[in-house]
């Protein structure tokens, strides 16, 4: 659904100015969207999963471990498939007001994609290099986004998400190197005119939701503070937006309709879009891909 068509539908969670800001600037921040009751339940679910991770000694496709992870001092980068691991996350993905917020930006018909958690553990939680989301999961149009739910207060010191305003109106960057190795980020030499100095940090208290356009340039610094930064990430797409490739995280709930009705037609954006690697055989995380490149082990 095109932006003007989306904006013609009544707002549910966001006001009209906030919706227009998203389409103009490529991101939005909405504080006090998620109730304290939901935040409490979600954090309890996270605690249960962190407890399960203590027995692991290596990443397994669900739990992505940071170097230094032990049973006594767990350090996680990401947990995937959370809608299958604990029912509270699937309940939240379909029964909270978050899919209504997605409908405000995608139109009334919304499908679920994934639920995962990026933790950014205290004292060195890994940076994420500049990238765009849509090259990881190309689809027929750009009505797809990841909604980041702050499970705790997020400030500048914790390495919050940084987005370059209006970068979603610019080019789709190649996330491969010159030898056709997938990088999972955009090499610095391709970003010389990307206005990275204009990037804004998306911060807020617990219960804040941030969302960025799938074409927006974004990154985050390492978390060197003494507080971890747990952020629940839930992906939604418009019902008329169909994937070209296998998703990285295909849970049993993938593609479930969470608002509205099925689309009779797919909406196609014009232009070319490079295909990513085949994720159907498994995927760890963007952290893992970028780390392998840093270590010289290209995928």
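Residue numbers (my numbering): -12 to 286. Backbone N, C-alpha and C fix where the C-beta goes; we use that ideal spot for every residue, glycine too.
Residue burial classification, residue i (beta-carbon count within 10 angstroms, cutoff 16)
i, result
"residue 19", "exposed"
"residue 62", "buried"
"residue 211", "exposed"
"residue 145", "buried"
"residue 128", "buried"
"residue 228", "buried"
"residue 41", "exposed"
"residue 268", "exposed"
"residue 24", "exposed"
"residue 113", "buried"
"residue 309", "Nothing can be reported for residue 309, as the shown portion of the chain is limited to -12 through 286."
"residue 59", "exposed"
"residue 2", "exposed"
"residue 252", "exposed"
"residue -3", "exposed"
"residue 160", "buried"
"residue 45", "exposed"
"residue 98", "buried"
"residue 82", "exposed"
"residue 197", "buried"
"residue 74", "exposed"
"residue 231", "exposed"
"residue 195", "buried"
"residue 217", "buried"
"residue 154", "buried"
"residue -12", "buried"
Per DSSP, cross-strand counterpart(s) of residue i
i, result
"residue 137", "218"
"residue 101", "222"
"residue 149", "188, 206"
"residue 197", "16, 135"
DSSP-derived helix/strand/coil call for residue i
i, result
"residue 21", "coil"
"residue 172", "coil"
"residue 263", "coil"
"residue 109", "coil"
"residue 178", "coil"
"residue 242", "coil"
"residue 80", "helix"
"residue 66", "strand"
"residue 155", "helix"
"residue 93", "helix"
"residue 122", "helix"
"residue 52", "strand"
"residue 285", "With a pLDDT of 49 at residue 285, under the threshold of 50, the predicted position of this residue should be treated as unreliable, and no value is reported."
"residue 116", "strand"
"residue -3", "coil"
"residue 61", "coil"
"residue 230", "strand"
"residue 165", "coil"
"residue 88", "helix"
"residue 257", "coil"
"residue 11", "helix"
"residue 292", "The shown model of the chain, from -12 to 286, leaves out residue 292, and the question about it has no answer."
"residue 235", "coil"
"residue 37", "helix"
"residue 128", "coil"
"residue 211", "coil"
"residue 72", "helix"
Assumed close pair residue i, residue j - CB separation to whole angstroms, cut-off 8 Å
i, j, result
"residue 193", "residue 137", "5 Å"
"residue 0", "residue 88", "4 Å"
"residue 171", "residue 118", "7 Å"
"residue 5", "residue -6", "With 8 Å as the limit, residue 5 and residue -6 do not qualify as a contact, their Cβ atoms being about 11 Å apart."
"residue 263", "residue 143", "Their Cβ separation, rounded to whole angstroms, is 31 Å, which puts residue 263 and residue 143 out of contact at 8 Å."
"residue 233", "residue 247", "Not really, about 25 Å apart at Cβ, beyond 8 Å."
"residue 100", "residue 223", "6 Å"
"residue 71", "residue 238", "5 Å"
"residue 115", "residue 206", "6 Å"
"residue 201", "residue 139", "26 Å between Cβ atoms; not a contact."
"residue 79", "residue 85", "7 Å"
"residue 37", "residue 221", "With a Cβ gap of about 19 Å, residue 37 and residue 221 do not count as contacting."
Check: residue i C-beta below 7 Å from any heavy atom of the ligand SAM
i, result
"residue 169", "The ligand content of the structure shown is nil, which means the ligand SAM is not present either."
Chain C contact for residue i (CB, 8 Å cutoff)
i, result
"residue 255", "No chain C appears in this structure, which consists of one protein chain only."
(request) Flag this pair as touching only if the segment 129 to 138 and the segment 181 to 188 have three or more C-beta atom pairs under 8 Å; answer yes or no. (result) no
(message) Pairs of beta-carbons, one from the segment 10 to 28 and one from the segment 150 to 158, closer than 8 Å: are there three or more?
(response) yes
(message) Does the contact criterion of 3 or more C-beta pairs under 8 Å hold for the segment 100 to 110 versus the segment 209 to 225?
(response) yes
(message) Count Cβ pairs between the segment 161 to 179 and the segment 20 to 35 that sit closer than 8 Å; are there 3 or more?
(response) no
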